[in-house]
Amino acid sequence: MSATDRAVGLVNIAAEAAADKLAQEVVAYDVSDQLVITDAFVLCSAPTDRQVRSIVDEVEDRLRDRGGVKPVRREGERDGRWVLLDYAEIVVHIQQEEERGQYGLERLWKDCPRITLPEGAQGRERGSEDAGGGAGAADPA
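1 is the number of the first residue of the sequence shown in full-length UniProt numbering; add one for each residue after it.
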C-alpha cells in the first residue's frame, strides 16, 4: 500500500508553503505501510520560534485554501519549538533545528519511501542563513 494521490497532493501543498516561508530541509515520507493512522509525514525546520510559527501559519492557510482541509489536531504551538499539524491523511512536523537534530525523525522513518517534492519545495539547507541569523536575515546576499 502507498500514500493516496490526495495525501501526496496535500504533502506537495504543505511542502511548497513551508519552503515559501524559508523552511529548511523539507522532506516527506510515505508512512502508509508502517502506520494505519496517516499516509505521509512532512518534516521541516527553522532556526527560531518566530519562523516556526510563520511556517505553521502558511501551511495551515494553504492547506485550507488549496486543499480544503483543516488540522484535526495541533500540538506544540505555544512553545514554537516543535509544532505538529495532524490532517489525518498527512502529519506536518515543523521543528526548530535543535529539536530536529535531537529527535531525529528522519532516522526513525528512514526505511519508508521518500515522497518526491516539487522543485523549489525542498526548502533551504540547514545552517544556510547569514552569520547574523535572526528573523531579519532571511535572504543571504
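Glycine included, C-beta positions come from ideal geometry on N, C-alpha and C. Keep in mind that this is a model prediction, so the values were computed, not measured.
- Across the set Phe41, Ser2, Asp30 and Asp49, the C-alpha of Asp49 shows the shortest separation from the C-alpha of Gly80.
- In the three-state scheme derived from DSSP, where H, G and I count as helix and E and B as strand, Gln51 is classed as helix.
- The alpha-carbon separation between Arg62 and Ala7 amounts to approximately 14 Å.
- Counting every other CB atom within 10 Å of its CB across the protein chains shown gives Asp65 a total below 16, marking it as exposed.
- Excluding sequence positions up to five before and after Gln34, its CB lies within less than 7 Å of the CB of Cys112, all in the same chain and listed in chain order.
- Rounded to the nearest whole angstrom, the C-alpha separation of Glu125 and Gln24 is 5 Å.
- In this structure, the CA atom of Gly9 is about 23 Å from the CA atom of Leu108.
- Restricting attention to Ala46, Gln51, Ala19 and Thr4, the CA atom closest to the CA of Glu119 is found in Ala19.
- DSSP, read as helix, strand or coil, puts Asp86 in strand.
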